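Reading the sequence shown from the start, the letters are residues 11 to 356 in the numbering used here. All C-beta atoms in this analysis are idealised placements derived from N, C-alpha and C, irrespective of residue type, glycine included. This one's a predicted model, so the numbers in the text were calculated from it and none came from an experiment.
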Amino acid sequence: MNLEPHQVLTPEGVHTGPAAPDVGTVRARYEALVEARLYDRKASALQRQGRLATYAPYEGQEAAQVGAVAPLASRDWLVASYRDAAAMRFHGYPWKNLLLTRMGDERGGHPPEGVKALPPSVTVGGHMIHAVGIAWADKLLGTDAVALTMFGDGATSVGDFHEAMNFAGVYRTPTVFLCQNNGWAISMPRSRQTASETIAQKAVAYGFPGKVVDGNDVLAVEEAVTEAVTRARAGEGPMLIEALTYRIHGHTTADDHGRYRVEEEVEIWRARDPLERVRLWLDGQDAWDDGWQAELEDRASRRIEAAVAEAESLVSFTAGEIFDATYREPTAPLRLQRSRAERASE
């Protein structure tokens, strides 16, 4: 397999592919990237203000997320992790719900009707198995739906990765595995996770192809996932994509990444900014200017602020109501716990 990362747009905004992309499509991707970054910065600020619990920032990884979901249809499933808010949003999961999950409100885990996405998974790697199960179910039902699951390089070190990949390979499930390899599993560098030259080549052992892409290139990621989705719909089974990217900030807002990363490394990746390369290409096509940028940011900010206001305006559950969704018919221990909780809250 080719171990060189697939690239369409260089960090300098130069297109390297055989045919120039559609300007309108690239403008749409850029708009999504801008909104994704603004949300990430807003959520980080909300956490510092005490309005969210611990938050996992993804700045630097926007292209890997937006590019990954762009080829999906509404019938396809997204099974993502706690750092994949941008991917979830652009597959139909509202900002409001994503905010609620970080507020500890279980209503955030209920996507709107028709949105094929599971709530963001906090358990590292465990959600990959769910994605394979969903894909297998759709295969048994005879649909052509695909399940895309997204995870970090750290998740490839857990047993769930092996189990998901092995099952998907044996049963040729229509699953797309997308690893956002940002180089660090909290403070553990990629070099200490595996001796494999790439993560993508691990797919070969499970009987299906793997591919390495420039994860900061939204068009390259979209091309790779489009190829994987096309294979899956045709009954050719799964594919593993390794998107090489980088998280500019800490693992979470509770993490001091300066204790294990040097600033020089961070600056190297800042120069590979996923938004800037798209902006540069659009500017070269006379399809970007400061006025349009301001319009994009204003529209996105309004949507995000509206989502924050809506999430914060919801009335909290009472002490008793938190037990209502546990079982259809509450057990005796739950009834006892509910009565105690209600008395304690009086």
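Taking just the CA atoms, how far does residue 339 sit from residue 274?
-> 58 Å
Apart from the five residues on each side of it in sequence, which residues of its chain come closer than 6 Å, Cβ to Cβ, to residue 217?
-> 179
Of the residues 67, 327 and 182, which one's Cα is nearest the Cα of residue 246?
-> 182
For the alpha helix (DSSP H) holding residue 293, just list the boundary residues, first then last.
-> Residue 293: member of the alpha helix (DSSP H) spanning 284 to 294, first to last residue.
In whole angstroms, what separates the C-alpha of residue 91 from that of residue 192?
-> 14 Å
Would residue 200 pass as a contact of residue 170 if the rule is Cβ separation under 8 Å?
-> no
Could you give the DSSP three-state label for residue 101: helix, strand or coil?
-> coil
List the residues that DSSP assigns as beta-bridge partners of residue 251.
-> 188 and 221
Quick one: what's residue 259 bridged to in DSSP?
-> Answer is none; residue 259 lacks a bridge partner.
Can we say the region 283 to 302 touches the region 313 to 329, given the rule of at least three CB pairs closer than 8 Å?
-> no
Taking only the alpha-carbon atoms, compute the straight-line gap between residue 70 and residue 52 and give it to the nearest angstrom.
-> Looking at the two C-alpha atoms, the distance is approximately 15 Å.
Close beta carbons around residue 184, own chain, < 8 Å, minus the five adjacent residues each side = 145, 148, 149, 154, 155, 156, 157, 242, 243, 245, 247 and 248
Less than 8 Å separating the beta-carbons of residue 46 and residue 96?
-> Their beta carbons are under 8 Å apart, which means residue 46 touches residue 96 by this criterion.
Give the range of the alpha helix (DSSP H) segment to which residue 127 is assigned.
-> Unbroken run through residue 127: none, as it is neither H nor E.
For residue 48 versus residue 288, is the C-beta spacing smaller than 8 Å?
-> Taking 8 Å as the Cβ cut-off, residue 48 and residue 288 do not qualify as a contacting pair.
For residue 162, which residues does DSSP report across the bridge?
-> 190
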